[in-house]
Amino acid sequence: MTDPFLILDLLLAGAVIALAIATLTARDLFAAIVLFIVLGLLSALAWVRLSAPDVALAEAAIGTGVTGALLLKTLHHLRYVAGTLGEQAAHGVTPVTPVPMSVIWANAAFCGLITLGLAIAFLDAPLGGPGFDALVADAMPASGVDHGVTAVLLNFRSYDTLMEVVVLLAAVIAVWQIERGLSEAPAPDLSVIWQGFARLTLPAIVVVGTYLLWKGSEAPGGAFQGGAVLAAVGILLLLSRLYVPHPSHRALARWGFVLGTGVFAGVALLVTGGGRVTFEYPPEHAKTLILLIEGLVTVSIAVTLAALFHGREPVALRAKEAGHDA
Amino acid sequence: MTPDLIYGLTGIAVFAIGLTGALCAQDRLRRVLALKLCSLGAGFLLVVAAWREPPAAPDPVPHALVITGIVVMISATAVALALIRRLQSLEAEDDD
């Protein structure tokens, strides 16, 4: 008797592979990005089937939602610079010199060999074998939270998560440096309907983001998913021009970027002493400390992701642009 | 046929498509997309490794690793896209 879900799995797997091929072969870049977004959402669905709701939420919110916004913004900028904004399709943004077919076939052959090796290794590997399940289950009572993934992220493997927040911080610093003085493509003119849409959805997004964060200690959700949903608020505000970054907001934004990293590292160092090592939270305060870190890291993630979307650092408008805006 | 086998092979296929694309694609934006496909394929394999036959709960450690990977990937993507925007603007200035 076949499991009806097996058919869903096979269809989903087929769709994911087909979308991956379509993403890279679509002639229009806009279509390629949209196909990539659909691919990300279907992958999230597949991960739900593999009982990984936390990962699915993170992929849908960060890997697909915010990344899709970044990709589309970049495409808009590139087409503006190339002067092809008015054209229907965007076939490419860089000048293309034809590559000999032999090189492409050689590349494809090597990729085929690597894939073959990976597939053999995967099929030989023991699946469903014992991993860290037992270790995590044993340590759960001391973690201060009731959800495995949150316990791993913010207690057992905190160094990883701290470094992850540092990587985000490094990314926003790099983007501000790279884009210094870069003139920006004018934002597309959004209609009145869009403004109304933003007003209706913004409060709902804030509630959903906060709920995801709060729920993370006992169920799927947490700082990264909540932060990404809150970053969507920032992106909507920036797109609808309800919020226009001003140079004087830079200091506040910088505090926002380092808040999560600072508090995370600060807590890690403050709990040391009395025979405890860095990141070894006292069990009776573990939940409070984890919620404190998660809450502030969420704020940092939201601010950082929105800043990554905005790109360049807000600078004083030059006379020409100021005149254009007025 | 179990979900882990199906999605594991899917992950390998997506990784392979991404790898081929990253080597063969000419367009910068498309190359970033190809690398993102590679990361998606790797995510599939880690999630599959964490899967246990229900009702057993999955292994949370690979899940945490994939979430970390997703956040690191968006940071890398944002920097790559900023570099592309800058490069394109510089090239446009050269043409003028």
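One line per chain: the protein sequences are A and B, in this order. Just add 74 to wherever you are in the first sequence, counting from 1, and you've got the numbering used here. FYI, the numbering used here numbers position 59 of the second sequence as 49, with every residue one higher than the one before it. Every residue gets a Cβ at the ideal spot worked out from N, C-alpha and C, and that includes glycine.
Residue span of the alpha helix (DSSP H) that contains residue i, given as start and end
| i | result |
| --- | --- |
| Gly59 of chain B | Pro50 to Asp85 |
| Asn229 of chain A | It is not in any alpha helix (DSSP H) - Asn229 of chain A carries neither H nor E in the DSSP assignment. |
| Thr378 of chain A | Ala360 to His384 |
| Tyr355 of chain A | Tyr355 of chain A -> no alpha helix (DSSP H), and no H or E assigned at all. |
| Arg90 of chain B | Because chain B in this structure spans residues -9 to 86, residue 90 of chain B falls outside the shown range and cannot be described. |
| Val108 of chain A | Leu103 to Arg123 |
| Asp128 of chain A | Pro127 to Ala132 |
| Val173 of chain A | Counting along the chain, Val173 of chain A falls outside any alpha helix (DSSP H), and DSSP gives it neither H nor E. |
| Thr148 of chain A | Thr141 to Ala156 |
| Asp83 of chain A | Pro78 to Thr99 |
| Phe206 of chain A | Neither: Phe206 of chain A is in no alpha helix (DSSP H) and is coded neither H nor E. |
| Pro(-7) of chain B | Pro(-7) to Cys14 |
Cα-Cα separation, residue i to residue j
| i | j | result |
| --- | --- | --- |
| Gly397 of chain A | Leu27 of chain B | Because Gly397 of chain A sits at a pLDDT of 38, beneath the cut-off of 50, its placement in the model cannot be relied upon, and the point is left open. |
| Pro388 of chain A | Arg324 of chain A | 7 Å |
| Phe5 of chain B | Gly157 of chain A | 34 Å |
| Ser29 of chain B | Ala199 of chain A | 20 Å |
| Tyr448 of chain A | Leu228 of chain A | Outside the displayed range of chain A (75 to 400) lies residue 448 of chain A, so it cannot be described from this structure. |
| Val249 of chain A | Ala46 of chain B | 43 Å |
| Tyr233 of chain A | Pro48 of chain B | 22 Å |
| Leu370 of chain A | Leu80 of chain A | 41 Å |
| Gly(-2) of chain B | Val38 of chain B | 6 Å |
| Leu82 of chain A | Leu119 of chain A | 11 Å |
| Gly334 of chain A | Leu73 of chain B | 26 Å |
| Leu201 of chain A | Leu274 of chain A | 46 Å |
| Ala24 of chain B | Ala106 of chain A | 11 Å |
| Phe271 of chain A | Ala132 of chain A | 24 Å |
| Val239 of chain A | Val377 of chain A | 12 Å |
| His359 of chain A | Gly205 of chain A | 29 Å |
| Val108 of chain A | Phe196 of chain A | 30 Å |
| Asp207 of chain A | Asp220 of chain A | 14 Å |
| Glu43 of chain B | Arg350 of chain A | 38 Å |
| Asp84 of chain B | Gly218 of chain A | 58 Å |
| Arg392 of chain A | Phe110 of chain A | Since pLDDT at Arg392 of chain A reaches only 49, below the 50 mark, its modelled position is unreliable, and the value read off the structure follows with that caveat. Arg392 of chain A and Phe110 of chain A: Cα-Cα distance of roughly 36 Å. |
| Ala143 of chain A | Ile252 of chain A | 19 Å |
| Ala89 of chain A | Ala96 of chain A | 10 Å |
| Leu149 of chain A | Asp102 of chain A | 11 Å |
| Trp121 of chain A | Leu152 of chain A | 33 Å |
| Leu98 of chain A | Asn181 of chain A | 15 Å |
| Leu401 of chain A | Lys361 of chain A | Absent from the structure is residue 401 of chain A, since the part of chain A shown begins at 75 and ends at 400. |
| Gly287 of chain A | Pro321 of chain A | Inspection of the sequence shows that residue 287 of chain A is occupied by Leu rather than by Gly. Each residue's Cα considered, the two are about 30 Å apart. |
| Leu264 of chain A | Val22 of chain B | 28 Å |
| Leu326 of chain A | Ala381 of chain A | 12 Å |
| Ala216 of chain A | Arg231 of chain A | 14 Å |
| Leu363 of chain A | Gly336 of chain A | 14 Å |
| Gly139 of chain A | Phe34 of chain B | 18 Å |
| Leu71 of chain B | Pro(-7) of chain B | 35 Å |
| Ala135 of chain A | Gly186 of chain A | 32 Å |
| Lys394 of chain A | Arg76 of chain B | Since pLDDT at Lys394 of chain A reaches only 41, below the 50 mark, its modelled position is unreliable, and the value read off the structure follows with that caveat. Each residue's Cα considered, the two are about 20 Å apart. |
| Ala40 of chain B | Pro174 of chain A | 42 Å |
| Thr10 of chain B | Ala100 of chain A | 15 Å |
Residue i versus the options, residue with shortest Cα-Cα distance
| i | options | result |
| --- | --- | --- |
| Thr352 of chain A | A:Leu363, A:Ile364, A:Val282 and A:Ala339 | A:Ala339 |
| Gly222 of chain A | A:Ser232, A:Val210 and A:Ala216 | A:Val210 |
| Gly137 of chain A | A:Glu161, A:Val112, A:His150 and A:Arg315 | A:Val112 |
| Val303 of chain A | A:Gly202, A:Leu316 and A:Leu276 | A:Leu276 |
| Glu292 of chain A | A:Tyr154, A:Val140, A:Gly191 and A:Val226 | A:Val226 |
| Leu236 of chain A | B:Thr67, B:Val61 and B:Ser79 | B:Val61 |
| Gln78 of chain B | A:Ser314, A:Leu382, A:Leu256 and A:Val345 | A:Leu256 |
| Leu313 of chain A | A:Ile364, A:Val177 and A:Ala259 | A:Ala259 |
| Gly385 of chain A | B:Thr0, B:Ala68, B:Ile57 and B:Arg42 | B:Ala68 |
| Pro357 of chain A | A:Thr378, A:Gly142, A:Met214 and A:Val337 | A:Met214 |
| Gly8 of chain B | A:Gly330, A:Ile267, A:Thr189 and A:Glu354 | A:Thr189 |
| Ala3 of chain B | A:Leu343, A:Ala193 and A:Trp179 | A:Ala193 |
| His53 of chain B | A:Thr346, A:Leu287 and A:Thr224 | A:Thr224 |
| Asp212 of chain A | B:Ile57, B:Pro50 and B:Ala66 | B:Pro50 |
| Lys289 of chain A | A:Ala261, A:Leu365, A:Lys147 and A:Leu103 | A:Leu365 |
| Val241 of chain A | A:Leu98, A:Leu379 and A:Pro78 | A:Leu379 |
| Leu93 of chain A | A:Leu116, A:Asp77, A:Pro78 and A:Phe104 | A:Leu116 |
| Ala244 of chain A | A:Thr346, A:Arg328, A:Val173 and A:Thr171 | A:Arg328 |
| Val266 of chain A | A:Val246, A:Arg315 and A:Arg254 | A:Arg315 |
| Val341 of chain A | A:Glu354, A:Val140 and A:Phe331 | A:Glu354 |
| Asp294 of chain A | A:Ala130, A:Arg254 and A:Ala261 | With the sequence shown as reference, residue 294 of chain A is identified as Pro, and Asp is not the correct amino acid for it. Answer by Cα proximity: A:Ala130. |
Distance cut-off 7 Å: residue i Cβ against heavy atoms of the ligand NAP
| i | result |
| --- | --- |
| Asp83 of chain A | By its list of ligands, the structure shown contains no ligand whatsoever, and the ligand NAP lies outside what it can speak to. |
Quick one: complete alpha helix (DSSP H) runs, 4+ long, within the segment 258 to 333 of chain A?
266 to 289 and 297 to 313
Please confirm if the segment 277 to 291 of chain A is in contact with the segment 305 to 314 of chain A, defined as three or more CB-CB distances below 8 Å between the two stretches.
yes
Validate contact between the segment 122 to 129 of chain A and the segment 2 to 19 of chain B using beta carbons, cut 8 Å, 3 pairs
These segments do not touch.
Give a yes or no on contact between the segment 369 to 383 of chain A and the segment 289 to 302 of chain A, applying the rule of three or more CB pairs nearer than 8 Å.
yes
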